[in-house]
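Trainee: Encoded as structure tokens, here's the structure I'll be asking about.
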Amino acid sequence: MAAEFSGVICKVLVMVVTMVALLFSAGVADGGPRYEYCLRKCIDRCDEYCRAMEYPHGGDCNMNGVCCCLS
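Read in order, the letters of the sequence shown correspond to residues -31 to -1, 1 to 40 in mature numbering (1 follows the signal peptide of the UniProt record, and there is no 0).
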């Protein structure tokens, strides 16, 4: 009985680890498509702003969404 129970626990743990690994590989757990969209939007706006301010290489956003003009 104890062997069956530990076998079930092992199977459940393997399933949970597999699901977490799939979430991270799909990008769902670390921001997902919405975060990527916002970052791209930030980059586009930042680049446009920096070019208007006459920075020759435009601008870029870091992972926190802060705009940095590239000289």
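The beta carbon of each residue, even a glycine, is placed where N, CA and C say it ideally should be. Just so we're clear, the structure is a prediction, and the values are computed from it rather than from any experiment.
Can you name, in chain order, every residue of its own chain whose Cβ lies under 7 Å from the Cβ of residue 15, other than the five neighbours on each side?
Mentor: Counting from 1 along the sequence shown, the entry for residue 15 is found at position 46. Within the same chain, residue 15 has close Cβ partners 28, 29, 30 and 36.
Trainee: Alpha carbon to alpha carbon, how far is residue 12 from residue -13?
Mentor: Your numbering for residue 12 matches position 43 in the sequence shown. Your numbering for residue -13 matches position 19 in the sequence shown. Whole-angstrom Cα-Cα distance: 32 Å.
Trainee: According to the neighbour-count rule (16 or more other Cβ atoms, all chains shown, within 10 Å of its Cβ), is residue -22 buried or exposed?
Mentor: On the sequence shown, position 10 is the one that residue -22 refers to. Classification for residue -22: exposed.
Trainee: Give the range of the beta strand (DSSP E) segment to which residue 28 is assigned.
Mentor: Counting from 1 along the sequence shown, the entry for residue 28 is found at position 59. Its beta strand (DSSP E) spans residues 28 to 30.
Trainee: What number of angstroms, rounded off, separates the C-alpha of residue 3 from the C-alpha of residue 17?
Mentor: For this step, residue 3 is matched to residue 34 along the sequence shown. For this step, residue 17 is matched to residue 48 along the sequence shown. Cα to Cα, residue 3 sits roughly 21 Å from residue 17.
Trainee: Within the 8 Å Cβ cut-off, does residue 29 reach chain B?
Mentor: Of the protein chains in this structure there is only one, and it is not chain B.
Trainee: Can you pull the DSSP bridge partners for residue 11?
Mentor: Residue 11 sits at position 42 when you count from the first residue of the sequence shown. None; residue 11 has no bridge partner.
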